[in-house]
Structure formats: structure tokens, C-alpha cells
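Under this note's numbering, think of the first position of the first sequence as 245, with each following residue one higher. A short worksheet on the structure shown next.
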Amino acid sequence: MSHTPSENEKVVQDFIRTRIKADLASGRFASVHTRFPPEPNGYLHIGHAKSICLNFGLAREFDGKCNLRFDDTNPAKEEQEYVDAIREDVRWLGGDWEDRGFYASDYFDKLYGFAERLIRDGKAYVDSLSAEEIRAYRGTLTEAGKESPYRSRSVEQNLDLFRRMRAGEFKDGEHVLRAKINMVSPNVVMRDPTLYRIRHAVHHRTGDAWPIYPMYDYAHCLSDSIEGITHSICTLEFENNRELYDWILDALKLHHPQQIEFARLNLTRTVLSKRKLIQLVQGGHVRGWDDPRMPTLSGLRRRGCPPEALREFCARIGVARADSTVDYSLLEFCMRERLNATTRRAMAVLDPVKVVIETYPEGQVEHFDMPFHPEDSSFGSRPVPFAREIYIEREDFMENPPSKYYRLAPGAEVRLRYAYYITCKEVVRNADGEIAELRCVHDPASRGGASPDGRKVKGTLHWVAAETSLPAEVRLHEPLFVDENPGARENFLDCLNPDSLRTVGARIEPALADMRAGECVQFERLGYFCADPDGSPGAPVFNRTVTLKDPWAKQQKRGA
RNA sequence: UGGGCCGUCGUUCAACGGCAGGACGACGGGUUCUGGCCCCGUUAAUCAAGGUUCGAAUCCUUGCGGCCCAGCCA
């Protein structure tokens, strides 16, 4: 992957790396070649990020290669839209497959040839039982299966039937090609698994060239083998399939990659099942696969999550064989860590309340030069207009503040960031009794935000000048969190946070007028925000990426 | 209940027969023109019981708990 060198310096020893080293040391493999093999039946989500980082990261660490291969063996579920989106997401995350972007469908001819070989070797046969009969014959987890009456067909018969299957002579479901293994195996996967099924369907790449399609277990190991993969890394649910993976490759005496399984990623409060994500999209519960509330890579990207944060996250969660559910706060930590170092600061007010500084001359405007980053001067600075009337955050004022409240209150003095100290003199209310404006006085000597007499103020507020500030739409998306204790509700849709999308009209400083879509900014204490492509010049739209840690909010929550 | 796999701080990953350690979280403190960042500290774990061993998270046995497999899905 295209990591910066500092990233991933501390590579923790894990069981996969240990095995790869052993394979290299023993001479079993001369180099490392992995692959990331998504099925193009949906968008990639953060669970896939773990696999992408693992496979591409391992290749990079061991100076090997990693392929991108689409496991497109089921035309009913797969679409070109998904392959395009997946390619973009993998590239965004930093996965570089160079010229090795492959498809299982590239190998349909070869796969067919291998199948004829298995038939000739008496290791596969055409079965003409119905799907229901095959299921019944398979037995159960505790009872052995029994052999199909068609299992003893001759090689010639099988070859003839299989060729006619390929020629399109039969209807869907009339026949299947099965491996002749062992109907009483304790591993159900080995009870004469299906290798090919008849499916008269249009494939997104091969069109109607094929009326038969290989099954995953058959296509995957052979695709790995054809590509010269050394380590076929997949998730734990394929453990039982490894025996078949090995059987097929041994039967055909082909290059034999090592399958290694690891625990898939679970994230607290987060839906990571492709089936459910499809439901969210198709049911119209979100705006699309890249809705910023979605845990998809495109959703995360649109929300402003940097790819580096995702890579760091994957490095930190590690890889093991024990089922695990990673706390969402670790992902937030990784986002903040990256964003803190890379995004410029600016001021915005999400819930404005007007402040009139009575001692400041009417009509006067002065510009304060404010650095874009408090610790890194290379970010430069911008002039920010200041005037007699400004807006501050409504929650930055309290009429009857508790003792630990550092912000504005009647009689209290605070600093307007990089501008002046102000003291609140009067609260003006409207007819409904709501606070309409705050009348304040400023200390001219505190110009720039520091007082010559050295007196300290506890609070520093962000602000924007009333007249010169720009309107912006800010979308306060919550990730689509799911209630951890669904109770009796069986539909996961009922367990989602209902207020996941809230939009507010904010005021932002002029310097932000022309932000590029995808660009992130920190609105000081409010958190990180990402410019959305929906915005237009002069009327930006922001998605909230992540909030900052806020001890005050926590304190309030505790008190409540 | 057939087979496969897995049990280490709240979470996650280490320790691979030799002082159970890191990270996130939580809690407390320092610093600060963001109640951010940063810095310091505290908290907290080997599923259970036997056995082997000078010594066990690690090896063995038994039990308990969890996950996966009965698609012509991947």
C-alpha cells in the first residue's frame, strides 16, 4: 500500500505474519503473493478495509504482490456498478494492484477444462437430482448423507452430459456437476459438493456466453492457483471449506496456495452485514451506498474519514482468530488523530446567537490574521473580519452558569478567539422570552486576544462577524448506530438511531466560501467537518466527520 | 447434540515453558488563545478444575462458554 513510511512502523507480530515467515524460511514459497477477492454484489464497507489492509499490507511488507480479483461467479447478484465502486474504494484506501486486476470470469474457460479433467479422472459426476433431493441426500449435521443414484454414471456419460450442460441444452436446475468425494464425511462441505450449476443468466462481463457457472469453492481455489497466489487469506467462516479447497487443488495437482483464515471485523453499534446494508439502500432508509451515515468506505469517505485513518485503524485492531467486536471509539480516535494533524482550523457557528459589542465603533471592520493551524505554521493564515455585531454559539452562553462553566455569562469575561476580551452586560429577550442578543463591552487593550496586564480568562469562544459571515448547511450525521439490545424487535431497522440525520443552517467565516468537495476543516471546538459535493461555491455543505472530545458536554451529561 | 474453530484488562492485540505488556476506553492531574491536541498518572485480565514441570496464559485431560458448517450464495 502507498503508506507513508511512518505509518505501520510498529507492525505487531501476528499469526499470519508468523506463518508467512515460516513458509518463506522453509522454502515452501519463494515470495508472497496475496489477493483481495470481493464479490461485486454490493459496496465495500469497513469490514473489507481490514481485508484490504491485510492483503495489500502483507504484500508490501514482504515485498510481494497483491491482486484485486472479482469473485464474479454468480451473475444473479453481480453488477458493473459494484465493480466500479469497489475499484475506486480499494484505490482510495491505498491498495495498488498494478496491472493485476482480475476476474474469476477471466478463467471460465480454464475452469471448464479442469472440470472435464476431474470427470475423466472419475472425481466428478453429473447429478440429476433436484435441489430438494440433493439437500435430502446430503444428510444433516449429525446424520450421514447417502449417495445419489447418478453417482455411478460412467466417465463417458458424465462428459457427454457436462458438455451438453455447457452447450445450453438443459434448463436451470436440471443437472449439476458434483465432486465425487465422500457422502458420509463429518464435514458437510465434503459431501459431494456442487461444482457447477446451470444458470441461464446474463453475466455483467461474459454476457450470455455461459449457461453454466462455477461455484465459489470450485472457482476460488483454482483462481488463486492460476494467479500464483501463495497465501489465500479469508475470514473464519471459510474454515470448513479449506478441506475442499485443498482437495480440488490436490485432485488437479496444481500450484497449491495456503488458505489462512482470520476473524472478520465487528464494530460496536454498527451494521456490517452486506444483506442489511442492501436493505438500507434499497428500502430508501439512506440516500445511497455513499450516504455519510453508512459504514461503507464510500460513506466514510464522503463523511471525511481520511484513508490514512482507516489504515491506522486496521493496524491497531490487529488480526487474530478469536471473534472480536472492536469499539467504535477506536475508529473515532484514528480519525481525530489523523485529522488533527492534517486539517486547517476555521470558525463556524452552528446555532448562532447575536452579540453586540456596544463599545466597538459602529460600522468599523478590522481583520485579524488567524493561523490555520495552532501548531503548524506551514498551514498559513487568513484574515478574519471582525465587527460590532457577531455571532457566537448559543451553548456558549448561560444566564445562570454552574461553577465550572468557563464560557460567557452575565458579568463574565471571555476571549473571542484571536480578537478581544468581552464582558457580557445585558441579555435582550424577544417576545417569546428567548435570548435575542447579548450586549457586551470589549477591552480594546486585549486586541489580538491577549491582555497587557496579564490577566487570565478561562474561556475562549469561536465566533463569526454577523454581516460578513456566510450561510452554510451543516449535516450533523450520526453513523447508523444500532441498538445493542434489540430485545424483542426482530427487524434491525427498528433498532437504528432515529435521528441520524439532522441539518442545521450555520454561519461560517468568509475564507471557507470555496472549499473543495472532500476537503476537511476543524471548526475549532465543534469537531471536524467535510465539504460535501452537494455544495456550491458560496454555499458550502458540510458533513460532520467526528466531534472533538468535550469534557464539558460529558460533565453536563453526568449532571443530567 | 457430527465436524471444525475460539476463550488474556470494559474492548482489542501481545507474551509461544521464565517478571502478564501495549493501544483504545474510563477515571484523575499538568499544560493550553480550541474544555481540542499534547504530557503525566490511576484503573483493570489469563473461562473452570485437575495434571505434567523447579516454573504454565502457553503443554496434557476433563468440563463450561462462544462462533462456523446441512445454498444449485460467497
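Ideal Cβ placement from N, Cα and C applies to all residues, glycine included.
{"Item": "Checking the sheet assignment: what are the DSSP bridge partners for Tyr772?", "Value": "Gln766 and Val790"}
{"Item": "For Glu323, collect the residues of the same chain with a Cβ closer than 8 Å to its Cβ; drop the 5 residues on either side in sequence, then sort them by chain order.", "Value": "Pro284, Asn285 and His448"}
{"Item": "Under three-state DSSP, which class holds Arg397?", "Value": "coil"}
{"Item": "If you compare alpha carbons, which of Val708, Leu740 and Asp697 is closest to Ala592?", "Value": "Val708"}
{"Item": "Is the separation between the beta-carbon of Lys192 and that of Lys367 shorter than 7 Å?", "Value": "Given a span of 245 to 804 for the chain in the structure shown, any question on residue 192 remains unanswerable."}
{"Item": "Let's see if you can read the secondary structure: which residues bound the alpha helix (DSSP H) around Arg441?", "Value": "Run containing Arg441: none in the alpha helix (DSSP H); it sits in the beta strand (DSSP E), Thr438 to Ile442."}
{"Item": "So, helix, strand or coil for Gly543, using DSSP?", "Value": "helix"}
{"Item": "Note the first and the last residue of the continuous alpha helix (DSSP H) segment covering Asp371.", "Value": "From DSSP, Asp371 is part of no alpha helix (DSSP H) but of the beta strand (DSSP E) over Ala368 to Asp371."}
{"Item": "Per DSSP, what kind of secondary structure is Lys801 in: helix, strand or coil?", "Value": "helix"}
{"Item": "Going straight from the alpha carbon of Val276 to that of Glu376, what length do you get?", "Value": "43 Å"}
{"Item": "For Gly770, count the other beta carbons within 10 Å of its own beta carbon; 16 or more makes it buried, fewer makes it exposed. Which is it?", "Value": "Correcting the residue identity first, residue 770 is Leu in this sequence and not Gly. Buried: at least 16 other Cβ atoms inside 10 Å."}
{"Item": "State yes or no: is the C-beta of Arg441 within less than 7 Å of the C-beta of Val420?", "Value": "yes"}
{"Item": "Leu298 and Trp341 look like a contact to me (Cβ under 8 Å); what is the Cβ gap, rounded to whole Å?", "Value": "With 8 Å as the limit, Leu298 and Trp341 do not qualify as a contact, their Cβ atoms being about 14 Å apart."}
{"Item": "Can you look up Glu813 in the DSSP assignment and give me helix, strand or coil?", "Value": "In the structure displayed, the chain extends from 245 to 804; residue 813 sits before or after that span and is not available."}
{"Item": "Excluding sequence positions up to five away, which residues of its chain have a Cβ less than 7 Å from the Cβ of Leu385?", "Value": "Val432"}
{"Item": "Give a yes or no on whether the C-beta atoms belonging to Phe630 and Glu610 are separated by under 7 Å.", "Value": "yes"}
{"Item": "In three-state DSSP terms, what is Tyr347?", "Value": "strand"}
{"Item": "Evaluate Gln503 with the Cβ neighbour count: other Cβ atoms within 10 Å of its Cβ, from every protein chain shown; 16 or more gives buried, anything less gives exposed.", "Value": "buried"}
{"Item": "Check Pro754 in the structure and name its three-state DSSP category.", "Value": "helix"}
{"Item": "Using a 10 Å radius around the Cβ and a threshold of 16 neighbouring Cβ atoms, would you call Glu619 buried or exposed?", "Value": "exposed"}
{"Item": "With the cut-off set at 7 Å, would you say Leu480 and Asp461 are in Cβ contact?", "Value": "no"}
{"Item": "Could you work out which residue in Tyr351, Lys294 and Tyr662 is closest to Met459 when comparing CA atoms only?", "Value": "Tyr351"}
{"Item": "Assuming Pro723 and Thr569 make a contact with CB atoms under 8 Å, what is their CB distance in whole Å?", "Value": "The pair is not a contact, with the Cβ atoms about 15 Å apart (cut-off 8 Å)."}
{"Item": "Would you mind reading off the limits of the alpha helix (DSSP H) that contains Ser467?", "Value": "Tyr460 to Ile470"}
{"Item": "Taking the straight line between their C-alpha atoms, what separation do you get for Leu496 and Ile330?", "Value": "32 Å"}
{"Item": "Quick one: using the 10 Å Cβ neighbour count with 16 as the cut-off for buried, is Gly548 buried or exposed?", "Value": "buried"}
{"Item": "With distances taken Cα to Cα, identify the nearest neighbour of Phe414 among Asp535, Leu362, His289 and His444.", "Value": "His444"}
{"Item": "Going by C-alpha to C-alpha distance, which of Ile636, Gly655, Arg632 and Trp454 sits closest to Glu643?", "Value": "Gly655"}
{"Item": "Just curious, the alpha helix (DSSP H) that Asp502 is in, first and last residue?", "Value": "A quick correction: the sequence has Gln, not Asp, at residue 502. Unbroken run through Gln502 is the beta strand (DSSP E), Gln502 to Phe506; no alpha helix (DSSP H)."}
{"Item": "Buried or exposed, going by whether 16 or more other CB atoms sit within 10 Å of the CB of Asn318?", "Value": "buried"}
{"Item": "Going by C-alpha distance, which of Tyr604, His706 and Pro715 is nearest Cys684?", "Value": "Tyr604"}
{"Item": "So, at 6 Å on beta carbons, what are the nonlocal neighbours of Ala653 in its own chain, with the 5 sequence-adjacent residues on each side left out?", "Value": "Met642 and Pro645"}
{"Item": "Just to confirm before moving on: does the CB-CB distance between Glu681 and Val672 stay below 7 Å?", "Value": "yes"}
{"Item": "Considering Cα atoms alone, identify which of Leu554, Arg410, Glu639 and Pro539 is closest to Phe725.", "Value": "Pro539"}
{"Item": "Assign Arg746 to one of three DSSP states: helix, strand, or coil.", "Value": "coil"}
{"Item": "Is DSSP giving Phe280 helix, strand or coil here?", "Value": "strand"}
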